[in-house]
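Since the structure comes first, as structure tokens, the remarks are kept for the end.
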Amino acid sequence: MEIIIAPNYEAMSKTSAAIIAREIRRKHDLVLGLATGDTPIGTYRELAKLHKDEGLDFSKITTFNLDEYLGLAPLHRNSYNYFMWENLFEHINTSQHRAFVPQGNTVDPEEFCAWYEEQIRKAGGIDLQVLGIGRDGHIGFNEPGSSFASRTRVKGLYEQTIKDNARFFEKEEDVPRFAITMGVGTIMEAKKILLIANGEGKAEVCQQFIEGPVTSQITATALQLHSYAIVVLDEEAASKLKRREYYNWIRDNKHIVQKQIGR
Ligand code: PGA
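Residue numbers (the numbering used here): 44 to 306.
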């Protein structure tokens, strides 16, 4: 895992947007996995800016969102589909037909999940998957105990997640108790992974998933087993890391390594 510590939220957002933009420029028909939540809003704002100011072209890319609340229709204002249009899709030249978000109001979730997996396969697999992290260590809605082999399915939300996400709803009781989410196994098949996290509230879980033992109790620890995972944190989220000096030294000397291996 490559750990990049940015001074603040804005810098974290710029860095992660630059990583995504680099991949889109390298492969114009990139298959991009996307996340929702407060964390990536700044990154999406930066991507919209790169589109507007520099003509970053999203017209050929395909996107797959990680998850969606079960029971919410795509146009519900708390749905992740709505979030994606409001925060990103409306501001770039993405194709509506290639912007996949799990359908929360599907009548047959099991069949839908199999179909979603099939669409990812048909698109050639995910090239770059963007992730946030929950305070319980989840990626997507893969709550504690989710199998590392899990695929897209319906998952019950953990108490902590319901509490954390209540801020988006009128009251806690309105937060759906179930969601459709890509599995840890689905996420791990992405060729590259970019996890972003900010704020003091994420400091402990970031220390655990980067420096602690691999466990399905903190599903983000699966990233330790991925061959190409980049983690971008702000100072607050990085504040409990034990080896931060080492990560910074690597970041500052990366050019030497890249030169030696001819990249
Ligand atoms: P947040 O959510 O970005 O709103 O903190 C992250 C997550 O739950 O994955």
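Glycine residues also receive a C-beta, built at the ideal position from the N, C-alpha and C atoms. In this text, all values refer to a predicted model and were calculated from it rather than measured experimentally.
Would you mind reading off the limits of the beta strand (DSSP E) that contains residue i?
{"i": "E279", "result": "E279 -> no beta strand (DSSP E), and no H or E assigned at all."}
{"i": "A60", "result": "Element bounds for A60: not the beta strand (DSSP E) but the alpha helix (DSSP H), 52-69."}
{"i": "A49", "result": "45-49"}
{"i": "V74", "result": "74-77"}
{"i": "Q172", "result": "171-174"}
{"i": "Y112", "result": "110-112"}
{"i": "F126", "result": "Note, F126: premise wrong, no beta strand (DSSP E); alpha helix (DSSP H) at 123-130."}
{"i": "I261", "result": "Neither: I261 is in no beta strand (DSSP E) and is coded neither H nor E."}
{"i": "T224", "result": "221-224"}
{"i": "G228", "result": "Careful: G228 lies outside any beta strand (DSSP E), inside the alpha helix (DSSP H) at 227-231."}
{"i": "V197", "result": "196-199"}
Since residue i contacts residue j with CB under 8 Å, what's their CB separation in whole angstroms?
{"i": "D110", "j": "F184", "result": "5 Å"}
{"i": "T79", "j": "E160", "result": "Actually they are not in contact, since the Cβ atoms of T79 and E160 sit about 19 Å apart, beyond 8 Å."}
{"i": "A246", "j": "I182", "result": "Actually they are not in contact, since the Cβ atoms of A246 and I182 sit about 17 Å apart, beyond 8 Å."}
{"i": "N241", "j": "T82", "result": "6 Å"}
{"i": "Q172", "j": "I236", "result": "5 Å"}
{"i": "S193", "j": "V248", "result": "Rounded, the Cβ-Cβ distance is 19 Å, inconsistent with contact."}
{"i": "E97", "j": "A60", "result": "Not confirmed; about 11 Å, so no contact."}
{"i": "H317", "j": "H119", "result": "In the structure as shown, the chain begins at 44 and stops at 306. Residue 317 is therefore absent and cannot be evaluated."}
Check this for me: beta carbons of residue i and residue j, under 8 Å apart or not?
{"i": "N121", "j": "F191", "result": "no"}
{"i": "F143", "j": "T195", "result": "no"}
{"i": "Q146", "j": "P117", "result": "yes"}
{"i": "H71", "j": "K92", "result": "no"}
{"i": "V274", "j": "D170", "result": "no"}
{"i": "M55", "j": "I253", "result": "no"}
{"i": "I239", "j": "G180", "result": "no"}
{"i": "E215", "j": "L200", "result": "no"}
{"i": "L276", "j": "A49", "result": "yes"}
{"i": "E288", "j": "N51", "result": "no"}
{"i": "N208", "j": "V197", "result": "no"}
{"i": "N124", "j": "L77", "result": "no"}
{"i": "G177", "j": "S259", "result": "no"}
{"i": "Q251", "j": "I261", "result": "yes"}
{"i": "R294", "j": "I47", "result": "yes"}
{"i": "Y271", "j": "K297", "result": "no"}
{"i": "I63", "j": "F101", "result": "no"}
{"i": "A265", "j": "M225", "result": "no"}
{"i": "G223", "j": "L115", "result": "It is worth fixing the name first, because residue 223 is Ile in this sequence and not Gly. The answer is no: Cβ separation not under 8 Å."}
Taking the continuous alpha helix (DSSP H) assigned at residue i, which residues delimit it?
{"i": "G85", "result": "84-97"}
{"i": "I163", "result": "152-165"}
{"i": "K235", "result": "That residue, K235, is in no alpha helix (DSSP H); its beta strand (DSSP E) goes 235-240."}
{"i": "K206", "result": "202-208"}
{"i": "V248", "result": "246-254"}
For the ligand GDP, is there any heavy atom lying closer than 7 Å to the beta carbon of residue i?
{"i": "K165", "result": "The model on display carries the ligand PGA but not the ligand GDP."}
**Request:** Check each residue's C-beta against every heavy atom of the ligand PGA and list, in chain order, those closer than 5 Å.
**Result:** G80, D81, T82, G175, G177
**Prompt:** Are the segment 138-154 and the segment 202-209 touching by the rule of at least three beta carbon pairs closer than 8 Å?
**Reply:** no
**Request:** Inspect the CB distances between the segment 165-175 and the segment 112-132 and report whether three or more fall short of 8 Å.
**Result:** no
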